[in-house]
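K.L.:
Residue numbers (our numbering), protein chains in the order written: chain S, 1 to 230; chain X, 1 to 134.
The C-beta atom is built at its ideal place from N, Cα and C for all residues, glycine as well.
These figures come from a predicted structure and were not determined experimentally.
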């Protein structure tokens, strides 16, 4: 299965060349090309991708501004013509830094970093639209959109969907690293919720389909930041 | 660094670093034609943005414009022009106003205009070559 990717690049010839490299690799599917940060954010806030090819200097906001606003972190490969951004690249924990124009061999080296053991850990988990859980002796697929919230039960967790509850051996702490952070947020040491399923919030509780879920003081500001409050 | 023409199949203008182009695209001349075509079709708006920034006396916008157009020249093998753009970008970074860099601006604009003509000429040659050899 190919990794999904998006190219954020204002120079058309550079975007075309990058798309060609992706195609040639056979490893990456380019889901879109955006020439500015706002267009890219609009897409990325609705769609998860595995890899983000990101230019730094673009009209308006910079690539780093995009990273500051992104609700989750795909693997990031910076593409820029300015070597000076290498330090910022390190600060943002990007996978690689490609100076334009780059050869296909150099591009392959960047892809190799994506597949290194350290680089592989959150692909297909944090950026995916579903997860598989071990439940009742089988692997069950749960789409992110079907999960209302996840509740801790000691050494087990309960995945709650509108129709069914699934109990599996796991912990909230572990799942926090594995679920798609675009959809899910930890609101309490015992709860991860689907941010898109909140019906309302009152004081220190939120409600999802009639379920009352506590929001701890430590997590409340993070939760409020993620809501589209007007 | 500009290399002498080294392609066995197509002779690039001597200002184009053909070894560098080969390192990017090997001998895929159809794709090189595509690259030159894409470069040309987006060149004028980027060049105009640079000239407009100058006319408005906006040194920050001028720096951004030259930053954007700079890698274009790498993609078509005009590595020395890319380097000139980098130097001009660095100068813009330090300049307080456009008045400080008037002479250098005239030089870079002349270089960019000449480069556009060169890219256009090479694009035509590549089209002819590809239509005759592919």
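(1) Check whether chain S comes within 7 Å of residue 71/X, counting only Cβ atoms and requiring the distance to be less than that.
(2) By a C-beta neighbour count over all protein chains shown, 10 Å radius and 16 as the cutoff for buried, is residue 121/S buried or exposed?
(3) Does any C-beta atom of chain S lie closer than 7 Å to the C-beta of residue 23/X?
(4) Any Cβ of chain S within less than 7 Å of the Cβ of residue 67/X?
(5) Of the residues 93/X, 90/X, 36/X, which one's Cα is nearest the Cα of residue 115/X?
(6) What's the call for residue 307/S, buried or exposed, on a 16-neighbour Cβ count within 10 Å?
(7) Taking the straight line between their C-alpha atoms, what separation do you get for residue 209/S and residue 3/S?
(8) Does any residue of chain S bring its CB to less than 7 Å from the CB of residue 75/X?
(9) Name the chain X residues whose beta carbon is nearer than 7 Å to that of residue 100/S?
(10) In the structure shown, what three-state DSSP assignment does residue 29/S receive?
(11) If you count every other CB in all the chains shown that lies within 10 Å of the CB of residue 84/S, and 16 or more means buried, which is it?
(12) Enumerated in chain order, which unbroken segments of the alpha helix (DSSP H) with a length of 4 residues or greater are wholly contained in the region 128-188 of chain S?
(13) Please state whether the Cβ-Cβ distance between residue 157/S and residue 150/S is less than 7 Å.
(14) Quick one: what does DSSP say residue 228/S is sitting in, helix, strand or coil?
(15) Does the separation of the CB atoms of residue 74/X and residue 101/S fall below 7 Å?
(16) Is there a C-beta anywhere in chain S that falls below 7 Å from the one on residue 79/X?
(17) Mind checking the region 15-42 of chain S against chain X and listing, in chain order, the residues whose C-beta falls within less than 8 Å of any C-beta there?
(18) Going by DSSP, name the residue or residues bridged to residue 214/S.
(19) Beta-carbon within less than 8 Å of residue 14/S's beta-carbon, same chain only, minus the 5 sequence neighbours each way: which residues are those?
(20) Give the single residue among 215/S, 189/S, 191/S whose Cα lies nearest to the Cα of residue 200/S.
(21) Using three-state DSSP, classify residue 99/S as helix, strand or coil.
(22) Name the DSSP beta bridge partners of residue 4/S, please?
(23) Which of the residues in the region 40-58 of chain X, read from start to end, lie with their CB under 7 Å from any CB of chain S?
(24) Bridge partners for residue 200/S per DSSP, in chain order?
(25) State the DSSP-derived secondary structure class of residue 28/X, mapped to helix, strand or coil.
P.N.:
Let's see:
(1) When Cβ-Cβ separations below 7 Å define contact, residue 71/X makes contact with chain S.
(2) Per-residue confidence for residue 121/S stands at a pLDDT of 38, beneath the threshold of 50, marking its modelled position as unreliable; the derived number appears in the next sentence. By the 10 Å Cβ count, residue 121/S comes out exposed.
(3) Answer yes: the Cβ-Cβ gap between residue 23/X and chain S drops below 7 Å somewhere.
(4) So yes, residue 67/X belongs to the interface.
(5) When the alpha-carbon of residue 115/X is set against those of 93/X, 90/X, 36/X, the nearest one is in 36/X.
(6) The question about residue 307/S has no answer here: the residues shown for chain S are numbered 1 through 230.
(7) When rounded, the separation of the alpha-carbon atoms in residue 209/S and residue 3/S is 34 Å.
(8) At least one chain S Cβ lies under 7 Å of residue 75/X.
(9) The contacting residues are 71, 74.
(10) Three-state result, residue 29/S: strand.
(11) So residue 84/S counts as exposed.
(12) If we require 4 residues or more, the alpha helix (DSSP H) runs fully inside the region 128-188 of chain S come out as 172-178.
(13) Result yes, Cβ atoms of residue 157/S and residue 150/S sit closer than 7 Å.
(14) If DSSP states are grouped into helix, strand and coil, residue 228/S belongs with coil.
(15) Contact: yes.
(16) No, because no Cβ of chain S sits closer than 7 Å to the Cβ of residue 79/X.
(17) Under the 8 Å Cβ criterion, the region 15-42 of chain S contributes 16, 17, 20.
(18) Partner(s): 205/S.
(19) Hits under 8 Å: 55, 79, 100, 101.
(20) When only C-alpha atoms are compared, the closest one is 215/S.
(21) DSSP, read as helix, strand or coil, puts residue 99/S in strand.
(22) Under DSSP, residue 4/S takes part in a beta bridge, and its partners are 29/S.
(23) For the region 40-58 of chain X, which is checked against every Cβ of chain S, the residues closer than 7 Å are 42.
(24) 207/S.
(25) Coil.
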